[in-house]
Amino acid sequence: MSNVILFNLTTVLFGVASGLYLGALYAKNGKIAVAGTWVCVLAAVVSTAALGLRWYESYQMGIGRIPVTNLYESLVFFAWAVNLFYLLVERKYGSRTFGAFVMPIAFLTMLFAVKNDSSIQPLVPALQSYWLHAHVITCFVGYAAFAVSAGVALMYLLKSKQEAAKINAGVVGLLPGCKTLDDLIYRSIIWGFPFLTAGIITGAAWANYAWGTYWSWDPKETWSLIVWLVYAAFLHARITRGWHGTRAAVLSISGFLATVMCYLGVNLVLSGLHSYGGG
Amino acid sequence: MVDAKHTASPMDRVWNFFTSVKLAIVTLIVLASTSVVGTIIEQNQPPEKYHRIYEDWAFALMDRLNLFDMYHSWWFLLLLVLFTVNLSCCTIDRFPKMLKVVRNPRTKLDESLEKTLSLSDRWKKKGSLSEWTERYAAALSSSFAKPRITEDGGVTHLYAEAGVASRFGVYVTHLSIIVIFIGAILGNVFGFKGYVNIPEGEEVSRVPVRGGSRMQDLGFTLRCNAFSLETYPSGQPKAYKSDLSVINGGREVLRKTIVVNDPLRFNGIWFYQSSYGQAGGATAQVAVSRRDGTPMGGLSLAANEPVPIDGYGIVRGVNYDPNFQGNGPALQVVVEKPGQPASSFWLLQSRPDLDRRRNDALVFSFSGLTSKMYTGLQVAKDPGVNVVWLGCAFMVIGLVMAFFLSHQRVWVRLSPGADGRVDVVLAASASRNRLAFEKKFEKILTGVKSEGK
């Protein structure tokens with residue numbers, strides 16, 4: 001299937017982009033980073049085409065459904081969203097050093113994805129609903145924003161250590177200042193949080209329409225609530241108690257770990273109603 | 001200086017405890033970390049299952065802590081109550097203050113306020129103070145928002161603001177949580193959740209309520225006319241369909257075929273396709289005709305159940321073979337006629353005329369096995385659900401107001417300078433996204449400064 005070939009190409013492009021961004025940091029060469037950006041743009045085009053093609057191919061097979069319904073598809077969709085969110089951040093903040101910390105997340109996600117079954121399977125009756133689109137898209141935009149925030153939080157931890165020691169050398173010296181990083185950690189979360197909220201709400205609405213219960217404390221639901229609570233704590237700590245810097249960065253990383261648990265851990269470790277995983 | 005904490009009365013201390021954001025953060029983190037437990041220990045399983053997994057002492061301890069149904073335990077509910085009380089107290093404490101600030105904004109740019117504003121600029125202009133007041137008011141209106149003008153001892157202040165709604169975002173969000181909880185309580189008190197299996201052709205008017213022995217009267221009758229299962233060519237399930245009828249006052253008032261994700265609703269009660277299965281054993285369908293070919297109707301033979309035919313005898317289906325001697329599905333039938341020995345013979349599904357060879361008064365032909373199915377339906381009545389959706393809508397609106405709007409304020413002070421010119425100070429602040437506001441500030445500043453050039 002040609003969509004899988006395009007996704008494999010996307011994986012390679014994410015790998016190349018990660019390499020270029022990391023290389024640019026080590027060589028302190030901005031031109032290499034510019035090449036990284038162009039590879040990311042190319043990857044965005046290729047992966048978008050791949051998603052569209054996969055959608056089209058599902059219609060050709062007589063199944064006809066949005067390509068976000070199993071582990072393989074959700075992973076490639078997540079990587080696609082991370083890449084786009086990253087490109088927006090790069091454009092807005094005018095710094096290419098973020099790429100070295102964010103693009104590897106997209107690359108590793110794709111590496112994990114290609115290990116999974118990539119065939120297009122028909123939808124089980126439980127997933128045949130228009131709510132699927134709204135639910136998955138809102139959740140994954142939220143996840144992608146949290147991934148970017150955690151990547152930046154990692155940069156912050158490296159940078160703040162160096163700024164404290166008043167040195168500005170080496171690879172870390174090229175990173176944007178602590179103030180910018182700290183701001184971006186927060187900014188990504190205030191994008192992610194409303195999307196996660198909308199994802200939980202659309203999930204509840206769907207569950208109510210399919211099963212007659214909008215909340216049943218199943219592990220997936222509960223973990224999405226845990227993620228929501230952690231970021232809610234982050235926002236309160238940040239806005240009203242002035243938690244900046246290291247403490248905020250650590251909370252952002254813990255929030256993302258909870259997100260990974262919600263997204264993958266629940267399916268791989270625990271049992272529940274969500275279908276992807278196990279595959 | 002007197003420490004406020006030490007002079008506070010016990011009542012104040014309780015109030016301070018419940019209005020603190022520190023408590024909110026701690027509650028959020030405690031709720032998050034305790035919630036993890038219930039995802040690791042499978043909830044609401046039969047006790048035998050837990051006994052297989054855990055030692056007796058561990059089982060006793062966990063049972064004592066309600067860990068097998070922790071989300072409905074007294075201590076988890078207590079945490080949720082604490083969370084709600086904290087939320088409400090914070091709102092009661094802060095909302096009036098915020099409202100006061102919004103209603104009576106600081107319209108004068110005095111020295112103390114100026115010091116707190118990082119975005120500011122000052123310059124001098126020749127001409128009269130009133131003339132520049134008018135010009136700058138017009139410039140602010142076009143580049144930002146219409147200002148209020150205050151005069152105070154020969155000094156004129158302009159004050160303009162935008163995005164006041166952002167101040168309300170946090171209250172709308174907090175209110176939304178309380179609305180959702182109210183909806184959930186309404187649903188729990190006035191609604192019910194049940195589950196019922198209805199075999200094809202049968203009907204129910206009462207359903208067992210989940211988690212109890214109570215039966216809930218529906219107030220009408222629901223009949224399952226048929227259940228069917230569709231599969232993809234690969235054999236994976238494509239659709240589970242139940243053809244349902246609502247019977248009210250002795251007649252059918254509604255008929256709908258439901259599938260997963262498309263329930264039936266009547267009188268506020270919803271029926272959701274949930275499962276299915278075989279109701280009882282399979283029955284063999286046998287067509288009966290006279291020797292001259294006149295059809296006599298069909299028989300439905302359950303395994304070994306005798307079925308009498310008037311003036312003929314008793315017929316029983318005794319055996320079924322999915323591939324009888326390589327000829328496909330077949331049914332073994334025993335016929336007992338009064339005063340005659342029982343006769344036994346096989347009917348092949350693929351050869352409906354085969355039985356003519358028996359030269360009997362009646363000819364039987366086997367048309368296949370059918371099994372009666374039942375449909376499993378979730379039944380729910382939740383009068384609070386729309387309140388929950390209202391709360392959810394508030395939450396999204398509140399979050400957007402809080403995070404994507406920013407309360408932006410701009411002040412201009414015009415005062416007579418010592419050299420006969422007008423001293424002008426322009427300063428601004430934004431409650432959120434200050435980096436982006438800096439750019440906007442530059443624009444406002446250029447807009448105002450270019451006035452009268």
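Those sequence lines, one after another, are chains A and B.
Position one of the first sequence corresponds to residue 1 (the working numbering), numbered consecutively onward.
Position one of the second sequence corresponds to residue 1 (the working numbering), numbered consecutively onward.
C-beta atoms are modelled at their ideal positions from N, C-alpha and C, and glycine is treated no differently.
Owing to the predicted nature of the structure, the values given are computational and were not obtained by experimental measurement.
query = Using the rule of at least 16 other Cβ atoms within 10 Å of the residue's Cβ for burial, across every protein chain shown, is Glu73/A buried or exposed?
reply = The count along the first sequence starts at 1 and reaches residue 73/A at position 73. Classification of Glu73/A: buried, given that the 10 Å Cβ count is 16 or more.
task = Measure the C-alpha to C-alpha separation of Lys220/A and Ala205/A and round it to an integer number of angstroms.
result = Looking up residue 220/A in the first sequence gives position 220. Looking up residue 205/A in the first sequence gives position 205. Straight-line Cα distance between these residues: approximately 15 Å.
ask   = When the Cα atoms are used, what is the spatial distance from Ser47/A to Gly265/A?
value = Along the first sequence, read from residue 1 onward, the residue named residue 47/A stands at position 47. Along the first sequence, read from residue 1 onward, the residue named residue 265/A stands at position 265. Those two C-alpha atoms are separated by around 25 Å.
query = Out of curiosity, what's the CA-to-CA distance linking Ser118/A and Leu51/A?
reply = As a first step, residue 118/A must be located in the first sequence, where it is residue number 118. As a first step, residue 51/A must be located in the first sequence, where it is residue number 51. Their backbone Cα atoms lie some 12 Å apart in a straight line.
ask   = Taking all protein chains shown into account, do 16 or more other C-beta atoms lie within 10 angstroms of the C-beta of Ser350/B, making it buried, or fewer, making it exposed?
value = Locating residue 350/B in the second sequence gives position 350, where the first residue counts as 1. Exposed: under 16 other Cβ atoms inside 10 Å.
key: Rounded separation between Val189/B and Pro383/B - CA only   = Numbered from 1 along the second sequence, position 189 holds the residue referred to as residue 189/B. Numbered from 1 along the second sequence, position 383 holds the residue referred to as residue 383/B. Each residue's Cα considered, the two are about 9 Å apart.
query = Do the CB positions of Arg291/B and Asp360/B come within less than 9 Å of each other?
reply = To locate residue 291/B, count along the second sequence from 1; it is residue 291. To locate residue 360/B, count along the second sequence from 1; it is residue 360. Closer than 9 Å, so yes.
key: Ser128/B beta carbon less than 9 Å from that of Thr156/B   = Counting from one through the second sequence, the residue named residue 156/B turns up at place 156. Counting from one through the second sequence, the residue named residue 128/B turns up at place 128. Against a cut-off of 9 Å, the Cβ pair of Ser128/B and Thr156/B comes out as no contact.
request  = Put Arg64/B into one of helix, strand or coil per three-state DSSP.
outcome  = Counted from its first residue, the second sequence places residue 64/B at position 64. In the structure shown, Arg64/B sits in a helix (DSSP, three-state: H, G or I).
Residue interval of the alpha helix (DSSP H) (run including Arg460/B) = Limits of chain B in this structure are 1 at one end and 453 at the other, which puts residue 460/B out of reach.
query = When the distance is taken between beta carbons, is Ser242/B closer than 9 Å to Glu252/B?
reply = Locating residue 252/B in the second sequence gives position 252, where the first residue counts as 1. Locating residue 242/B in the second sequence gives position 242, where the first residue counts as 1. Cβ atoms of Glu252/B and Ser242/B: not closer than 9 Å.
task = Could you tell me if Glu438/B is buried or exposed, where buried requires 16 or more neighbouring beta carbons within 10 angstroms of its beta carbon?
result = Sequence index remark: in the second sequence, residue 438/B carries index 438 (1-based). With fewer than 16 Cβ atoms within 10 Å of its Cβ, Glu438/B is classed as exposed.
key: Classification of Thr69/A by the beta-carbon crowding that lies within 10 angstroms, buried from 16 upward   = The residue labelled residue 69/A in the question sits at position 69 within the first sequence. Thr69/A is buried by the Cβ-count criterion.
task = Kindly list, in the order they appear in chain B, the residues whose Cβ is closer than 7 Å to that of Val230/A.
result = Residue 230/A sits at position 230 when you count from the first residue of the first sequence. Correct list: Ala32.
message = With a threshold of 9 Å between beta carbons, is Val260/A in contact with chain B?
response = Taking the first residue of the first sequence as 1, we reach residue 260/A at position 260. So no, Val260/A is outside the interface.
inquiry  = Going by the DSSP bridge assignment, what does Val224/B pair with across the sheet?
reply    = Counted from its first residue, the second sequence places residue 224/B at position 224. What sits at residue 224/B in the sequence shown is Cys, not Val. In the DSSP output, where bridge partners are listed per residue, Cys224/B has Leu244/B.
Identified DSSP bridge partners for Arg122/B = Residue 122/B sits at position 122 when you count from the first residue of the second sequence. In the DSSP output, where bridge partners are listed per residue, Arg122/B has Val425/B.
query = Among Ser18/A, Leu20/A, Leu123/A and Gly199/A, which residue has its Cα nearest to the Cα of Pro237/B?
reply = For this step, residue 237/B is matched to residue 237 along the second sequence. Comparing Cα positions, the closest option is Leu123/A.
Pair within 9 Å by beta-carbon distance, Thr39/B and Thr10/A = Your numbering for residue 39/B matches position 39 in the second sequence. Your numbering for residue 10/A matches position 10 in the first sequence. Result no, Cβ atoms of Thr39/B and Thr10/A do not sit closer than 9 Å.
message = Contact criterion: CB-CB distance below 9 Å. Does Leu399/B meet it with respect to chain A?
response = Locating residue 399/B in the second sequence gives position 399, counting from the first residue. Closer than 9 Å to some Cβ of chain A, the Cβ of Leu399/B qualifies, so yes.
ask   = Given 8 Å as the limit, is there contact between the region 171-180 of chain B and the region 385-403 of chain B, that is, 3 or more CB pairs closer than that?
value = yes
inquiry  = Less than 9 Å between CB atoms is the rule here; does His244/A satisfy it with respect to chain B?
reply    = Indexing the first sequence from 1 puts residue 244/A at position 244. Not closer than 9 Å to any Cβ of chain B, the Cβ of His244/A fails to qualify, so no.
inquiry  = Any beta carbon of chain A sitting closer than 9 Å to that of Trp389/B?
reply    = Along the second sequence, read from residue 1 onward, the residue named residue 389/B stands at position 389. Yes, Trp389/B counts as interfacial toward chain A.
ask   = If contact means a Cβ-Cβ distance below 8 Å, which residues of the region 151-180 of chain A contact chain B?
value = none
message = Check whether chain B comes within 9 Å of Asn267/A, counting only Cβ atoms and requiring the distance to be less than that.
response = Counting from one through the first sequence, the residue named residue 267/A turns up at place 267. Answer no: the Cβ-Cβ gap between Asn267/A and chain B never drops below 9 Å.
ask   = Gly279/A to Pro329/B, Cα distance in whole Å?
value = Residue 279/A sits at position 279 when you count from the first residue of the first sequence. Residue 329/B sits at position 329 when you count from the first residue of the second sequence. Here Gly279/A scores only 28 on pLDDT, less than 50, and its place in the model is too uncertain to base an answer on.
request  = Compute the beta-carbon to beta-carbon distance between Ser213/B and Leu377/B, rounded to the nearest angstrom, for a pair I have assumed lies under 8 Å.
outcome  = Here residue 213/B is taken as the residue at index 213 of the second sequence, counted from 1. Here residue 377/B is taken as the residue at index 377 of the second sequence, counted from 1. That pair is no contact at about 19 Å.
message = Suppose the cutoff is 8 Å on Cβ atoms and the five residues either side in sequence are ignored; what does the same chain contact list for Tyr195/B look like?
response = If you number the second sequence from 1, residue 195/B lands on position 195. Excluding residues within five positions, the ones whose Cβ falls inside 8 Å are Val207, Pro208, Arg210, Ser274, Gly376, Leu377, Gln378 and Val379.
query = Among the residues of its own chain, which have a CB less than 8 Å from the CB of Val2/B, if the five just before and after it don't count?
reply = Within the second sequence, numbered from 1, the residue matching residue 2/B stands at position 2. Only weak support is given to the placement of Val2/B: the predicted model assigns it a pLDDT of 45, under 50, and the value that follows is read from those uncertain coordinates. For Val2/B, where only same-chain residues beyond five positions count, there are no Cβ hits under 8 Å.
key: Among Leu222/B, Ala160/B and Lys256/B, the one whose alpha carbon lies nearest that of Gly250/B   = As a first step, residue 250/B is located in the second sequence; it is residue number 250 there, counting from the start. Nearest of Leu222/B, Ala160/B and Lys256/B to Gly250/B, Cα basis: Leu222/B.
query = Helix or strand or just coil, what does DSSP make of Thr69/A?
reply = For the purposes of this step, residue 69/A is taken as the residue at position 69 of the first sequence. The answer is coil: DSSP assigns Thr69/A none of H, G, I, E or B.
ask   = Whose Cβ in chain A lies nearer than 7 Å to the Cβ of Thr403/B?
value = Position 403 of the second sequence holds residue 403/B. According to the sequence provided, residue 403/B is Phe. The question's Thr does not apply to it. The answer, in chain order, is Ile190 and Pro194.
query = Within this structure, are the beta carbons of Ala232/A and Ala248/A separated by less than 9 Å?
reply = The count along the first sequence starts at 1 and reaches residue 232/A at position 232. The count along the first sequence starts at 1 and reaches residue 248/A at position 248. Taking 9 Å as the Cβ cut-off, Ala232/A and Ala248/A do not qualify as a contacting pair.
ask   = Could one say the Cβ of Lys146/B lies closer than 9 Å to chain A's Cβ atoms, at least one of them?
value = As a working mapping, residue 146/B is identified with position 146 in the second sequence. It does not; no Cβ of chain A falls within 9 Å.
Simplified DSSP state of Lys179/A, which is helix, strand or coil = Taking the first residue of the first sequence as 1, we reach residue 179/A at position 179. In this structure, Lys179/A counts as helix in the three-state DSSP scheme.
key: Those residues which DSSP pairs with Met215/B across a bridge   = As a first step, residue 215/B must be located in the second sequence, where it is residue number 215. Answer by DSSP bridge pairing, in chain order: Pro208/B.
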